[in-house]
Amino acid sequence: MNVELLCLAWAVILGLVHIILASHVRTKELGVAWNMSARDAELPPLSPLAGRLARAQTNFFETFPLFAAAILIVAVTQIYSVYSYWGALIYLIARVIYLPLYALGIPKIRTGVWLVSILGLLLVLLPLLF
């Protein structure tokens with residue numbers, strides 16, 4: 274398997290990590306009964322950590338479909354390049370770094386790492402568009 278598709282597979286795993294971490298911390302705070310309920314009631318305020326993990330999860334799932342689409346377009350068209358190779362790696366590594374930065378509440382560096390992930394995504398697209 275090439276690096277681009279391997280990065281996509283690991284990004285799926287990272288998405289699951291986001292879901293599990295955010296859910297675990299939220300369930301720890303609100304209880305198993307809440308987690309298993311229909312969750313129709315107003316959600317009580319979350320702790321800073323639970324809130325940050327929820328927002329990190331949302332942020333990941335805003336960019337992941339775009340990354341997945343870009344990688345799949347590369348795979349279908351077979352337009353693999355040094356740009357798609359490094360772009361996929363940069364996106365994945367930046368997103369892995371982003372999660373603990375967000376969880377720890379480190380704002381400016383986190384934003385820079387997010388921008389690096391977007392640069393990786395754009396690198397994947399570069400040979401496809403030009």
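Residue 274 is where the sequence shown starts when you use our numbering, and the numbers rise one by one after that. In this text, a Cβ means the ideal position worked out from N, Cα and C, and glycines have one as well.
- Proximity of the region 292-302 to the region 324-340 meets the contact definition, three or more beta-carbon pairs being nearer than 8 Å.
- In this model, isoleucine 366 and serine 390 are separated by some 8 Å (Cα to Cα).
- Here DSSP, grouped into helix, strand and coil, assigns proline 317 to coil.
- Annotated three-state conformation of asparagine 275 is coil, per DSSP.
- With 16 or more other CB atoms across the displayed protein chains lying within 10 angstroms of its CB, arginine 383 is buried.
- The beta carbon of tryptophan 283 is closer than 7 Å to those of Leu365 in its chain, skipping five residues each way along the sequence.
- DSSP places leucine 377 outside both helix and strand once states are collapsed to three, so it counts as coil.
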